[in-house]
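Have a look at the structure below, then the notes.
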Amino acid sequence: MSRILLTAVVIVAVMALIKDGRILRQVGLRGGCSLVSTPHGETGAWERCLPGKLEGAPNLSRSGCTSAGTVGKAEYWRCPAPIDSGSF
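Each residue of the sequence shown is one higher than the last, beginning at 0 in numbering that gives the first Met the number 0.
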């Protein structure tokens, strides 16, 4: 009985890790994006997106971003600058 319970716990844990997506991005199966420094003379927040083996690079157009071009496999996106919530 305890082996069945242990197996069920392990299966649920693996399913949760896969659903989260971080593991799939780390091993290169899913695409992902990361912030990069804004190029000189440009504005906004810039992201570099890489494709995964199971799917292409993420499309950030629904987040208000515009594609700024590709370099190799990486696609660069110009996104609106985040609103700073600094203290008054």
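The C-beta atom is built at its ideal place from N, Cα and C for all residues, glycine as well.
If you're wondering where the values come from, they're calculated on a predicted model, not measured in any experiment.
{"Item": "Alpha carbon of C64 to alpha carbon of V9, nearest angstrom", "Value": "39 angstroms"}
{"Item": "Straight-line Cα distance separating T42 from A80", "Value": "7 angstroms"}
{"Item": "Length of the line joining the Cα atoms of L23 and I17", "Value": "7 angstroms"}
{"Item": "First through last residue of the beta strand (DSSP E) which encompasses V26", "Value": "It is not in any beta strand (DSSP E) - V26 carries neither H nor E in the DSSP assignment."}
{"Item": "Span of the beta strand (DSSP E) around L49", "Value": "A44 to L49"}
{"Item": "Enclosing alpha helix (DSSP H) for S66 [first to last residue]", "Value": "Premise fails: S66 lies in the beta strand (DSSP E), T65 to V70, not in any alpha helix (DSSP H)."}
{"Item": "Contacting residues, own chain, Cβ-Cβ under 7 angstroms from L53 (five flanking each side not counted)", "Value": "L28 and R29"}
{"Item": "Where S33 sits in the DSSP three-state scheme", "Value": "strand"}
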